[in-house]
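Residue numbers (my numbering): 92 to 406. Even for Gly, the Cβ is constructed at its ideal location relative to N, Cα and C. Reviewing the structure listed below.
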Amino acid sequence: MEKTTPEKVQLLIIGSGPAGYTAAIYAARANLKPVLYQGIQPGGQLTITTEVENYPGFPDGVQGPELMVHFEKQAQRMGADLRYGLATAVDFSKHPFQVTIDEEKQVEADAVIIATGASAKWLGLESEQRLNGYGVSACAVCDGFFFRGKEVAIVGAGDTAAEEALYLSKLCSTVHMIVRRDEMRASRIMQDRVKATPNIKIYWNSVTDEILGEKSVDAVRIHNTQTDEKIEIPVKGFFVAIGHQPNSDIFKGQLDMDEAGYLKTVPGSAKTNIEGVFASGDVQDKIYRQAVTAAGSGCMAALDAERFLSEKGLH
Ligand SMILES: Cc1cc2nc3c(=O)[nH]c(=O)nc-3n(C[C@H](O)[C@H](O)[C@H](O)COP(=O)(O)OP(=O)(O)OC[C@H]3O[C@@H](n4cnc5c(N)ncnc54)[C@H](O)[C@@H]3O)c2cc1C
Numbered sequence: 092m093e094k095t096t097p098e099k100v101q102l103l104i105i106g107s108g109p110a111g112y113t114a115a116i117y118a119a120r121a122n123l124k125p126v127l128y129q130g131i132q133p134g135g136q137l138t139i140t141t142e143v144e145n146y147p148g149f150p151d152g153v154q155g156p157e158l159m160v161h162f163e164k165q166a167q168r169m170g171a172d173l174r175y176g177l178a179t180a181v182d183f184s185k186h187p188f189q190v191t192i193d194e195e196k197q198v199e200a201d202a203v204i205i206a207t208g209a210s211a212k213w214l215g216l217e218s219e220q221r222l223n224g225y226g227v228s229a230c231a232v233c234d235g236f237f238f239r240g241k242e243v244a245i246v247g248a249g250d251t252a253a254e255e256a257l258y259l260s261k262l263c264s265t266v267h268m269i270v271r272r273d274e275m276r277a278s279r280i281m282q283d284r285v286k287a288t289p290n291i292k293i294y295w296n297s298v299t300d301e302i303l304g305e306k307s308v309d310a311v312r313i314h315n316t317q318t319d320e321k322i323e324i325p326v327k328g329f330f331v332a333i334g335h336q337p338n339s340d341i342f343k344g345q346l347d348m349d350e351a352g353y354l355k356t357v358p359g360s361a362k363t364n365i366e367g368v369f370a371s372g373d374v375q376d377k378i379y380r381q382a383v384t385a386a387g388s389g390c391m392a393a394l395d396a397e398r399f400l401s402e403k404g405l406h
């Protein structure tokens, strides 16, 4: 495709979740005239959830999509230039940095903030998609509270699944943990903790066939791959904890990342291995993965970018 004449911007923000919008609010208020590309999911992950009860400032909770409209409006009101478009390629080897939007438009930026987030991995069942936000969740810390005193199921066998099962065991009456093989991938210490928790019941060699329920989750049907035995477990919540995929493919070979693709930042900052390129939110955070931590790191990225641009005499 024919390349267009590059547009020069001071600060380019890639992504429109809590991290990207917060970075845009801070950057606009610092007069960095940020241009933000929203990607294919304007508003980010919270637009696919219902009630958010743990974002501070909303004593009665808030719907995820509504919260993200607030973020967007605030960024807009501060003067951020919000645009539809997907960053499809980057070249951080020269300065100003080169970013391609929608495989066509060229943007040159003095500084870049990456806030492209991560996506939860799902099992791929129709019922999982249909009941998402109605009992099906990929985040125990976000949604466990809704199932206090109830029975829930969780799928997964890694450290995150073990951690989430333990978290749920403190809130829920029983946690039915569905494990595909006859062992867990989680570290020995996490496995021991899970096995020693009386209200976590493990189903080895088991896979989920279907999540049952019309408007909300009523039960889960699993089958044992060794015996072919099928059972239905009555549960109100179904948690998928089989991992997350950071949206970092376009930065491969240019930015340091771990083996799972999470961008590496200098601890206590949003700095990547390339001076002037910053990363914030879930794309660089495999531990906390919360809207408030993403927003906090978006703020850090904007302040780091402002300092970088000032020091280089670019602002
Ligand atoms: C179902 C669900 C429920 C949740 N509930 C809660 C909750 O109750 N409380 C809580 O604190 N957290 C919750 N979370 C977690 C929370 O949503 C995330 O931690 C948070 O959204 C991460 O913010 P982020 O800005 O890093 O990225 P995301 O929200 O993941 O946003 C990423 C953004 O980047 C854009 N993007 C990606 N690639 C590109 C590209 N190449 N070019 C341009 N743009 C791009 C996307 O379009 C999107 O706008 C939930 C998550 C899910 C999935």
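Item to check | Among V190, M159 and L405, nearest to T96 - alpha-carbon criterion | outcome: Position 5 of the sequence shown, counted from the start, is the residue given in the question as residue 96. It is V190.
Checklist entry - In the structure shown, what three-state DSSP assignment does F183 receive? => result On the sequence shown, residue 183 is found 92 positions in, with the first residue counted as 1. In the three-state DSSP reduction, F183 falls in the coil class, being neither helix nor strand.
Checklist entry - Buried or exposed: Y128, going by 16 or more other Cβ atoms within 10 Å of its Cβ? => result For the purposes of this step, residue 128 is taken as the residue at position 37 of the sequence shown. Classification of Y128: buried, given that the 10 Å Cβ count is 16 or more.
Item to check | Any non-hydrogen atom of ligand 1 within 7 Å of I341 CB | outcome: Residue 341 sits at position 250 when you count from the first residue of the sequence shown. I341: yes, Cβ under 7 Å from ligand 1.
Checklist entry - Along the chain, where does the beta strand (DSSP E) that runs through A171 open and close? => result For this step, residue 171 is matched to residue 80 along the sequence shown. Element bounds for A171: n/a, residue is neither H nor E.
Next on the checklist: Quick check on R279 - is its C-beta less than 8 Å from some C-beta in chain C?
Outcome noted: Looking at the structure shown, chain C is missing, and only one protein chain is on hand.
Checklist entry - Does the Cβ-Cβ distance between I302 and M268 come in under 8 Å? => result Within the sequence shown, numbered from 1, the residue matching residue 302 stands at position 211. Within the sequence shown, numbered from 1, the residue matching residue 268 stands at position 177. Pairing I302 with M268 gives a Cβ-Cβ distance that is not under 8 Å.
Next on the checklist: I need the boundaries of the beta strand (DSSP E) containing D300, first residue and last residue.
Outcome noted: The sequence position of residue 300 within the sequence shown is 209, counting from 1. Per DSSP, D300 belongs to the beta strand (DSSP E) from S297 to L303.
Item to check | Limits of the alpha helix (DSSP H) - the one that E407 falls within | outcome: Residue 407 lies beyond the stretch modelled for the chain, which goes from 92 to 406, so this question has no answer here.
Item to check | D283 in three-state terms, based on DSSP | outcome: Counted from its first residue, the sequence shown places residue 283 at position 192. For D283, the three-state secondary structure derived from DSSP is helix.
Checklist entry - Exposed or buried, which one is R380 when buried takes at least 16 other CB atoms within 10 Å? => result Locating residue 380 in the sequence shown gives position 289, where the first residue counts as 1. The residue is buried, with at least 16 neighbouring Cβ atoms inside 10 Å.
Item to check | Minimum C-alpha distance to P133 - residue among M169, C230 and Y112 | outcome: As a first step, residue 133 is located in the sequence shown; it is residue number 42 there, counting from the start. Per the Cα distances, Y112.
Checklist entry - For ligand 1, is there a heavy atom less than 7 Å away from the beta-carbon of L346? => result The residue labelled residue 346 in the question sits at position 255 within the sequence shown. Within the chosen limit of 7 Å, ligand 1 does not reach the beta carbon of L346 with any heavy atom.
Checklist entry - What are the start and end residues of each continuous alpha helix (DSSP H) run of 4 or more residues lying completely inside the segment 192 to 263, in chain order? => result Complete alpha helix (DSSP H) runs here, min 4: 217 to 221, 231 to 234 and 250 to 260.
Checklist entry - Taking the beta strand (DSSP E) that A115 falls in, what are its first and last residues? => result In the sequence shown, the residue the question calls residue 115 occupies position 24. A115 -> not in any beta strand (DSSP E); alpha helix (DSSP H) instead, spanning P109 to R120.
Checklist entry - Between the Cα of Q336 and the Cα atoms of T207, M391 and Q165, which residue gives the shortest distance? => result The residue labelled residue 336 in the question sits at position 245 within the sequence shown. If you compare the alpha carbons of T207, M391 and Q165 with that of Q336, the shortest gap goes to T207.
Checklist entry - Alpha carbon to alpha carbon, how far is K408 from E366? => result The structure shown does not extend to residue 408, since the chain is modelled only from 92 through 406, so no value can be given for it.
Item to check | Whole-angstrom C-beta distance between G152 and E144, which should lie under 8 Å | outcome: Here residue 144 corresponds to residue number 53 of the sequence shown, with the count starting at 1. Here residue 152 corresponds to residue number 61 of the sequence shown, with the count starting at 1. So it is a contact: roughly 4 Å between Cβ atoms.
Checklist entry - Of the choices G304, G106 and K321, whose alpha-carbon is the least far from that of W295? => result The sequence position of residue 295 within the sequence shown is 204, counting from 1. Measuring from the Cα of W295, the nearest candidate turns out to be K321.
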